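Only one structure is covered here, and it is reproduced in the block below.
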């Protein structure tokens, strides 16, 4: 499949009703375009490797700028997640639905089971035909986020020590080299969560607890160097296992 050049009405069921999000200044999209989020938080037609943001429910063109020279965020697009009919580059079987096989995209209309260099968009839940499936589309953060997680924040492409402004958030880091992210003192966020997402992919993020504290009973946790890798953490406050690993996918 090739990138969209016109509106495409995708069969959908169980959608989330739509979310209005700010567009990148240079972006256009069609009805049915899959969207991703840039490292600066703006929405674009799907760029392989960027985090999935939803499926466009409206067509937006450059002419829709409110004024010449408009900036990022001057236009908005309504997008939704849910279950969509998608034609994949490979054959699909009943086993793929039973195992909820992960689906990735290389542009706004090309779907595959190959993760390398592509964007995670959802999982197979039903089979329509040999190469057509119903895919439950969800963002990585919504898939893995725990109760109490609300909102996304981007951190610098550098060694970063998180603080209480990052607690209860999905933390994106666009890594271009191996990075270390240090957690706040566990006692400050007992009973709360942090989700850390690698939006770079070529290098790993090492997650370290504060001081002599432990994460998953270890001195540190090294994420796999995969774009979209998501780790959700929970502060227990228990000595020797101060931070529990809830999900690491």
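Residue numbers (our numbering): 14 to 262. For each residue, glycine too, the CB sits at the ideal point set by N, CA and C. The model shown is predicted, which means the values in this text are computed figures rather than measured ones.
Once DSSP output is grouped into helix, strand and coil, what is the label at residue i?
i, result
"residue 120", "strand"
"residue 140", "strand"
"residue 199", "helix"
"residue 76", "helix"
"residue 111", "helix"
"residue 234", "strand"
"residue 163", "coil"
"residue 185", "strand"
"residue 63", "coil"
"residue 47", "strand"
"residue 216", "coil"
"residue 149", "strand"
Counting C-beta neighbours from all protein chains within 10 Å, is the total for residue i 16 or more, i.e. buried, or is it exposed?
i, result
"residue 96", "buried"
"residue 163", "exposed"
"residue 189", "exposed"
"residue 130", "exposed"
"residue 70", "buried"
Can you check whether the CB of residue j is closer than 9 Å to the CB of residue i?
i, j, result
"residue 238", "residue 216", "yes"
"residue 110", "residue 137", "yes"
"residue 126", "residue 113", "no"
"residue 175", "residue 147", "no"
Identify the continuous beta strand (DSSP E) that holds residue i and give its terminal residues.
i, result
"residue 39", "Where residue 39 is concerned, there is no enclosing beta strand (DSSP E), given that its DSSP letter is neither H nor E."
"residue 248", "243 to 251"
"residue 56", "56 to 58"
"residue 211", "206 to 211"
Mind checking which residues open and close the alpha helix (DSSP H) that includes residue i?
i, result
"residue 254", "It is not in any alpha helix (DSSP H) - residue 254 instead sits in the beta strand (DSSP E) that spans 254 to 261."
Give the DSSP bridge partners of residue i, in chain order.
i, result
"residue 92", "32 and 69"
"residue 228", "231 and 256"
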